[in-house]
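J.: Protein chains in written order, with our numbering: chain X, 1 to 572; chain A, 1001 to 1572.
Protein chains: 2
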Amino acid sequence: MERSKLQKLLAVARGDEPADLLLINGKIVNTLSYEIIEGSVALFNGYIVGVGDYEARAQVDLHGAYLSPALIDGHIHIESSLLAPPEFARTVVPWGTGAVVCDPHEIANVCGTRGIQYMLDASERLPLDVYVMLPSCVPATHMETAGADLTPDDLRPFLSHPRVLGVAEVMNFPGVVLGIDPVLDKVDLAAGRPVDGHAPGVRGKWLNAYSAAGIQTDHESTELEEAREKLRNGIKVFIREGSTARNLEALLPLVTPENCHRFSFVSDDRHADELQAIGHMNATVRKAVKLGLDPVIALAMASTHTAEHYGLHDTGAIAPGRRANLVLFEDLKEFKPLQVWRDGVVAVENGKLIASIEDYSTAGVTDTVRIGALNEQSFAVAATGDKVNIIEVIPDQIVTRRVEAALPQEAGCWIADTARDIAKMVVIERHGRNGNIGRGFVKGLGLTKGALASTVAHDSHNLICAGTNDRDMLCAANALKASGGGWVVVAGGKILAQVALPVAGLMSNDSASSVIAQISRLHQAARQIGCPLDAPFMALSFLALPVIPSLKLTDHGLVDVDKFMEIELGIS
Amino acid sequence: MERSKLQKLLAVARGDEPADLLLINGKIVNTLSYEIIEGSVALFNGYIVGVGDYEARAQVDLHGAYLSPALIDGHIHIESSLLAPPEFARTVVPWGTGAVVCDPHEIANVCGTRGIQYMLDASERLPLDVYVMLPSCVPATHMETAGADLTPDDLRPFLSHPRVLGVAEVMNFPGVVLGIDPVLDKVDLAAGRPVDGHAPGVRGKWLNAYSAAGIQTDHESTELEEAREKLRNGIKVFIREGSTARNLEALLPLVTPENCHRFSFVSDDRHADELQAIGHMNATVRKAVKLGLDPVIALAMASTHTAEHYGLHDTGAIAPGRRANLVLFEDLKEFKPLQVWRDGVVAVENGKLIASIEDYSTAGVTDTVRIGALNEQSFAVAATGDKVNIIEVIPDQIVTRRVEAALPQEAGCWIADTARDIAKMVVIERHGRNGNIGRGFVKGLGLTKGALASTVAHDSHNLICAGTNDRDMLCAANALKASGGGWVVVAGGKILAQVALPVAGLMSNDSASSVIAQISRLHQAARQIGCPLDAPFMALSFLALPVIPSLKLTDHGLVDVDKFMEIELGIS
């Protein structure tokens, strides 16, 4: 804080000058002392002055509602909401979210440092603090082509940005555990700042090694005993409640009053529909309290603990000198926000956003589907060998199975076999770097006709397309090329439905409501072509992720994840 | 950690290479998960590898004893022990202390930056981590002459030292609350690093202002409600158990499992005799547990919480990648240390120090009693007015009372009046800066003859001398000049007893045992000249401290602390 501003704040705090605003008759949730205190909170110049009997130029009666620090999401990929940062803010601020610590890993895989810069710039003037952890794994593996290869030297300049906090989840945990230099270089980049972890299922000696390397958090625990080991090793447990991964119920029994300060809530990935209909961190707090957690501890896990971990000393609690980022809840059961203040200014009134949020130019992060001219031949798979390795989708899981089968042939090429629910699949490098096309087959998408395609395909976000015939696959790929990316369903050479995601091929320019409506139509179209999955594009987006077992397809071709190597499609 | 060292540690952690040492059959106090875990701890190259079933080149059977992180004192003035850093380490390491966060405020008031550098250098090779907070109040007030005036520019270079953590207790709390620029400059010096506080009795709006200025800790609470307000304001409560100020019993009821991580134990000032006979942080932990605190929480308050607060991520807990700074306690009642490890090496075996600790050169911080030639006339107090303002000592307190009395005269000068227990007192500027002598009278020291003198006189540490006659006072002052400082008792023109404190006039070069024996003889001598106080030199040392009410004497003369101004001795 500037000196003169601080001196004015001190004058108000000691009672020599009046405050701007006094919030009276509140039940103040003190997440430092873990108490609820009845009293008045004075605000001045965007800051909390203190709790006490202050003179103020105005006052607001809270009528006995609960005043909490604004909530903080300790780890989120905003891109997964499909919403650009301004629309994301419009969606989460009304739920009482005051800050998110985001890892722009997805957009960085497409746009490199431009993507990181865009996320910083697009979130500059929001009534939401968007803190950024620097993506540590771009590309995620050497078996795929991402839009950039980010080295520590590429990332280091961002460390001087006031909202960049450290290094994001180091997903290459084998690289850390095995002490691989380029991976440890990414950890070192933090130079004493926070380094987040990502160690799904890692326990025992490997976890000891991962911990010893200086990794400080993890949000991937799915089982209580796994989280317990991390807690014991000094890794803070970020309990994830996302749209797909929901770990609260499994992990909550580990939280005790003594150790609760080593836990935070995060969402990791949360989709637009859930963000709009159910809530954000307030929904996680609500669920935790329903599961039996003390509401003050729950709120602390969704604010103070996270702020303290990341060294955000000017927010995350109702205390003198902290920014007046506050949320007023009607009760500590439903956690329905009545009002939200950001830097002492009302951003949400009666649950409605009143802060003005402007869209931000997406120049520099659009036109990211850079693929050459395609034709039906681009999708042809020459038949070599007797059988092929096929990826089998397991419903509601991101892991797959490897199966083998002989396939029908046409003109010396293998083709889809709808009778056995086997579709063709391609991954087309879309970053304009090498034009790679990986080709394979997938079982279990249920397609009876047509094709699905997506430019959201973790983690390199190449164009992934599955279909029953080359004509529809070509149509789907070209549709995404034309729209600058997104999701599409095609049949009979026509687009049945599509969601345009022109921002890096990952995010929409539309409102959350519009995106939700588009997705609903898209899912309907997918069902029309036979796909029975609840979230077909979610399933598709993980079929190119070569860090999740067992068999995946990248622009390099098939990857046997268990062996962590590329393999041939045909089996002789 | 260097890369190659880390890679070796990772290899051991993941089980590919053997550990150096396996500590088996221990009850491991995990201050991160707040549990006691039975198991084995592997060490390698001075670090903790992890808990688990590791192969190791050697093993040690802990026979069911309790393995705890080595203890940390969150705030101490080492000078108050009268021991130079090496001897201080010899005294506290056997009690399981692994680190102290010290404020070299006393020596800095005498030697300025040389004093800070000495404390850093003299603690460089100890089996004890001595972290330093930069003294923020040298001099403490404008009403005295210290050995240096330390500005932020003087202190800033120290921030690059790996053991300098931030800015020490900002004692000038009115300066902070009132927003005085030079005081806020000291707070700003920290530039985001820790800033410790000192706010005795400060509550309500003034506390809100002190908190808003960014002060993060306080160890001065004496009452529970005072500490509660600080806790609520986000100021971490450092519970002090020193040799004079003991706040544990009063404050402990405030600690709950939820909020315990916002508490640490500190000693502030602890004397050699107590450090040797009773213990250090282990004694505080013992007392806390006797008062009902859970022993794991007590140990966390004496280790992990403090390490986390100061960002000491490589120590303070038994977890992979942390330095193997450990203490083995026989039980969790008496907290008697059996063994202490420092960086994986045994420093204490069967309670006995085996680590070799060498003395460190005191060149540059000796010969600090720089006063000109004195004679009996130097002590004469010309009689002006009818009565004089007299400082009255209150037994066992550092506050004084102002009383007025007419005094006997001799040759136009006021003299001591032993019949009414009024001695003469002088404070002689001893830093060679201006030769000031402040003169006054003190009631309540009990002196019937002779004189006492000390170069320990908070906070400027000028030479303070009280006596019944000028001849003995001259003898006492000259004795300290000759010895380079310390404590002395004189009668009949002869030295009865003395403790040489040649290091800045504050610390001894002798062993703790010798210092304790010398003090015992000194106290005996003080009783011989009539002083009935338990700790006469402690009382004397606070009579020059112009930040504690009500009347004090500095080299400037009498200070009315309530009015925070210098006043005349004589009253007309």
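Here a beta-carbon is modelled for each residue, glycine too, at the ideal position from N, C-alpha and C.
List, from N- to C-terminal side, the alpha helix (DSSP H) runs of 4 residues or more that fit wholly inside the region 1229 to 1268 of chain A.
T.: Here the runs fully enclosed are 1248 to 1251.
J.: Listing by chain order, which chain X residues have their CB less than 8 Å from the CB of Thr1256 (chain A)?
T.: Going along chain X in sequence order, the residues near Thr1256 (chain A) (Cβ under 8 Å) are Tyr34, Pro257.
J.: By Cβ distance, which residues of its chain are closer than 8 Å to Val1060 (chain A), with the 5 residues on each side in sequence left out?
T.: Closer than 8 Å at the Cβ level, and outside the excluded window around Val1060 (chain A), lie Leu1021, Leu1022, Leu1023, Ile1024.
J.: According to DSSP, is Asp343 (chain X) part of a helix, a strand, or is it coil?
T.: Coil at Asp343 (chain X), not helix or strand.
J.: Going by CA-CA distance only, name the one from A:Ala1317, A:Val1101, A:Lys1008 that's closest to Pro1194 (chain A).
T.: Answer by Cα proximity: A:Val1101.
J.: Measuring alpha carbon to alpha carbon, tell me which residue in A:Arg1228, A:Gly1197, A:Arg1246 is nearest Thr1256 (chain A).
T.: When only C-alpha atoms are compared, the closest one is A:Arg1228.
J.: Using beta-carbon positions only, say whether Ala451 (chain X) and Gly115 (chain X) come within less than 9 Å of one another.
T.: Contact: no.
J.: Would you say Ile297 (chain X) lies against chain A (beta-carbon separation less than 9 Å)?
T.: For Ile297 (chain X), the answer is yes, since a Cβ of chain A falls inside 9 Å of its Cβ.
J.: Taking the alpha carbon of Ser573 (chain X) as the reference point, which residue from X:Ala70, X:Glu106, X:Tyr66 has its own alpha carbon closest?
T.: Because chain X here runs from 1 to 572, residue 573 (chain X) falls outside it and cannot be looked at.
J.: Let me check one thing: in DSSP terms, what residues is Arg323 (chain X) bridge-paired to?
T.: In the DSSP output, where bridge partners are listed per residue, Arg323 (chain X) has X:Tyr47.
J.: Please go through the same chain and pick out, in chain order, the residues whose beta-carbon is closer than 6 Å to the beta-carbon of Phe1473 (chain A), but skip the five residues on each side of it.
T.: Note on residue identity: the sequence assigns Met, not Phe, to residue 1473 (chain A). Contacts found: Phe1379, Ala1451, Cys1465, Gly1467.
J.: For Pro337 (chain X) and Ala42 (chain X), what's the separation of their Cα atoms in angstroms?
T.: Roughly 20 Å separates the two Cα atoms.
J.: Could you list which residues in chain X have their beta carbon closer than 7 Å to that of Ser1211 (chain A), in chain order?
T.: Per Cβ cutoff of 7 Å: Ala319, Pro320, Gly321.
J.: State the beta-bridge partners of Leu22 (chain X) as determined by DSSP.
T.: According to DSSP, which records beta bridges pairwise, Leu22 (chain X) is partnered with X:Ala42, X:Gln59.
J.: Hey, how far is the Cα of Gly1201 (chain A) from the Cα of Glu1334 (chain A)?
T.: The straight-line gap from Cα to Cα measures roughly 32 Å.
J.: Using only the alpha-carbon positions, how far apart do Asp510 (chain X) and Trp487 (chain X) sit?
T.: Those two C-alpha atoms are separated by around 14 Å.
J.: Look at the alpha carbon of Asn1325 (chain A) and the alpha carbon of Thr1145 (chain A), and state the distance between them as a whole number of angstroms.
T.: So the alpha carbons of these two residues sit roughly 41 Å apart.
J.: What whole-angstrom Cβ distance do Ser460 (chain X) and Thr554 (chain X) have, given they're in contact under 8 Å?
T.: Contact flag correct, Cβ pair sits at about 7 Å.
J.: If I follow the unbroken alpha helix (DSSP H) through Asn109 (chain X), where does it start and stop?
T.: Segment 105 to 111, the alpha helix (DSSP H) holding Asn109 (chain X).
J.: Does the beta carbon of Thr1178 (chain A) sit closer than 9 Å to a beta carbon anywhere in chain X?
T.: Sequence check: residue 1178 (chain A) is Leu here, not Thr. For Leu1178 (chain A), the answer is yes, since a Cβ of chain X falls inside 9 Å of its Cβ.
J.: Of all the CB atoms in chain C, is at least one closer than 9 Å to the CB of Lys205 (chain X)?
T.: Any reference to chain C falls outside this structure, whose protein chains are X and A.
J.: Taking C-beta pairs closer than 9 Å, name the residues in chain A that Ala324 (chain X) reaches, listed in chain order.
T.: The contacting residues do not exist; Ala324 (chain X) stays about 12 Å from chain A at best.
J.: Below 8 Å on the Cβ atoms is my contact criterion, and I expect Ile36 (chain X) with Val51 (chain X) to pass it. Report the Cβ-Cβ distance as a whole number of Å.
T.: With a Cβ gap of about 12 Å, Ile36 (chain X) and Val51 (chain X) do not count as contacting.
J.: Rank X:Arg270, X:Ala512, X:Arg430, X:Gly15 by C-alpha distance to the C-alpha of Asp359 (chain X) and give the top, closest one.
T.: Checking every option, the nearest Cα to that of Asp359 (chain X) belongs to X:Ala512.
J.: In the DSSP assignment, find the beta strand (DSSP E) that holds Pro69 (chain X) and state where it starts and stops.
T.: First-last of the beta strand (DSSP E) with Pro69 (chain X): 66 to 69.
J.: Taking only beta-carbon positions, decide if Val1110 (chain A) is within less than 9 Å of chain X.
T.: Answer no: the Cβ-Cβ gap between Val1110 (chain A) and chain X never drops below 9 Å.
J.: Tell me the DSSP bridge mates of Glu404 (chain X)?
T.: Glu404 (chain X) is bridged to X:Asn389.
J.: Distance check for Lys387 (chain X) and Ala373 (chain X), CA to CA, integer angstroms please.
T.: Between Ala373 (chain X) and Lys387 (chain X), the C-alpha separation is close to 30 Å.
J.: Count the other CB atoms, across all protein chains shown, that sit within 10 Å of the CB of Arg420 (chain X); report buried if there are 16 or more and exposed otherwise.
T.: Exposed is the call here.
J.: Please go through the same chain and pick out, in chain order, the residues whose beta-carbon is closer than 6 Å to the beta-carbon of Gly1385 (chain A), but skip the five residues on each side of it.
T.: Once the five neighbours on either side are set aside, the close Cβ partners of Gly1385 (chain A) are Gly1570, Ile1571, Ser1572.
J.: So is Arg1057 (chain A) buried or exposed if we call it buried at 16+ other beta carbons inside 10 Å?
T.: So Arg1057 (chain A) counts as exposed.
J.: If I measure Cβ to Cβ from Ala317 (chain X) and keep anything under 6 Å in the same chain, skipping five residues before and after, which residues do I get?
T.: The residues are Thr31, Leu32, Pro69, Thr304.
J.: Using 10 angstroms around the beta-carbon of Ser1160 (chain A), count the other beta-carbons present and answer buried if the total reaches 16, otherwise exposed.
T.: Per the 10 Å Cβ criterion, exposed.
J.: Going by beta-carbon coordinates alone, are Gly147 (chain X) and Cys111 (chain X) separated by less than 9 Å?
T.: The answer is yes: Cβ separation under 9 Å.
J.: Should Leu1291 (chain A) go down as buried or exposed, given a rule of 16 or more other Cβ atoms within 10 Å for buried?
T.: Exposed, because fewer than 16 other Cβ atoms sit within 10 Å of the Cβ of Leu1291 (chain A).
J.: Identify whether Ser1520 (chain A) lies in helix, strand or coil by the three-state DSSP scheme.
T.: Looking at Ser1520 (chain A) - three-state DSSP - the assignment turns out to be helix.
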